[in-house]
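Numbering (this note's numbering), first residue to last: 3 to 235. Quick reminder that beta carbons are idealized off the backbone N, C-alpha and C, glycines included. A short write-up of the structure that comes next.
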């Protein structure tokens, strides 16, 4: 079942459902895009038609954020829980898949990979930072394909990561490519996650704003998101 939120179809699923869906995609071996949609992404897709089309063509779009879960429920859909990108990734680590980390500032993906190996016993096929030119792309894609990775994590920020994956799907031999935003920064210890009680209280967005004042301006999108969802109903 999918919930249509501001024209974007978001899967109504639990974390276990999402992990099972990734396993299914890997078995099918058809290169596929997985997106993790928070309120900010949904608002952007409302004005970025290309992004909206990409999300609606994805194999899975998870409800990443309390705002997405609220919106689905407000619109009458049975959205069971939040499936955050970083939590999906760490859950997948335990399944024994091989991962390629692509994105973030120089050195961050490597640290994130090393920490993931130590903490989650993750299998890392390769890493590459997110600074590149068009001329670098064939080499990057070749490295990814030759790594034997089953899951490609792309942390280039929204919407660049979704557009990069979509535009290169036909060249990638990796079954699953997931846009993961700032996940590498979290795994590398560069950005702290909110305490568990704040996550349970759906206040992780507030913690991030307090920790990174530069993000405060992006919070303006939240009231607009709520307004547009209510209006759409």
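In this structure, residue 115 lies near residue 103, with their beta-carbon atoms less than 8 Å apart. In the three-state reduction of the DSSP assignment, residue 84 falls in the coil class, being assigned neither a helical nor a strand state.
In the DSSP annotation of this structure, the continuous segment of the alpha helix (DSSP H) that includes residue 70 starts and ends at 68-76.
The DSSP-derived three-state label of residue 5 is strand. Between residue 149 and residue 25, the alpha-carbon positions lie close to 19 Å from each other.
Taking 8 Å as the upper bound for CB-CB distance, residue 177 and residue 33 are in contact here, some 6 Å apart. Within its own chain, the residues whose Cβ lies closer than 6 Å to the Cβ of residue 67, once the five positions on either side in sequence are excluded, are 40 and 41, listed in chain order. Residue 144 counts as exposed, since fewer than 16 other beta carbons sit within 10 angstroms of its beta carbon. By DSSP's assignment, residue 51 forms no beta bridge with any residue.
Put simply, the stretch 125-142 does not touch the stretch 48-65. Fewer than three CB pairs are less than 8 Å apart. For the options 20, 190 and 49, the alpha carbon positioned closest to that of residue 120 is the one of 190. By the Cβ-count criterion, residue 81 is buried, with 16 or more other Cβ atoms from all chains shown falling within 10 Å of its own Cβ. In the DSSP annotation of this structure, the continuous segment of the beta strand (DSSP E) that includes residue 39 starts and ends at 34-39.
Distance from the CA atom of residue 168 to the CA atom of residue 38, rounded to whole angstroms, is 14 Å.
For residue 23, the uninterrupted alpha helix (DSSP H) segment begins and ends at 17-30. Within a 10 Å sphere around the beta-carbon of residue 138 sit fewer than 16 other beta-carbons, which makes this residue exposed.
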